[in-house]
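Report on the following structure.
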Ligand code: SF4
Ligand code: F3S
């Protein structure tokens, strides 16, 4: 499966959603996750993300490993998102900000 990681937090551009052929993205208030039970590993979402937040599960950076389980957990609760939505007004200001994990809203 593919995994959405920390750079997405407060950016939430949703470009990834538009290209997913199986609608496996689920949306929360300021972050998106991929449902590992639905993802078909097509990889088309990866280059769409402006902050490079999406990785195959076997290439998730060492400091982002917790996002593998987090994607599965949140996908079970959050609704499917099938169409792009406007990103947060200040999304661009958060693009290069590190250590956003505690800002994830659930
Ligand atoms: Fe959807 Fe393909 Fe990305 Fe999986 S890898 S989330 S199926 S676009
Ligand atoms: Fe997040 Fe990137 Fe998609 S910022 S919503 S993973 S395009």
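Residue numbers (the UniProt record's numbering): 2 to 107.
Quick reminder that beta carbons are idealized off the backbone N, C-alpha and C, glycines included.
Predicted model only: the values in this text are computed from it and were never measured.
In the structure shown, residue 104 falls within a helical segment according to DSSP collapsed to helix, strand and coil. Taking C-beta separations shorter than 6 Å and ignoring five residues to either side along the sequence, the partners of residue 46 in its chain run 17, 20, 21 and 55, following chain order. Bridge partners of residue 5 according to DSSP: 55.
Exposed is the label assigned to residue 94, since fewer than 16 other Cβ atoms lie within 10 Å of its Cβ. Going down the chain, each residue whose beta-carbon is closer than 6 Å to a heavy atom of the ligand F3S shows up: 5, 9, 12, 13, 14, 15, 16, 17, 33, 49, 50, 52, 54 and 55.
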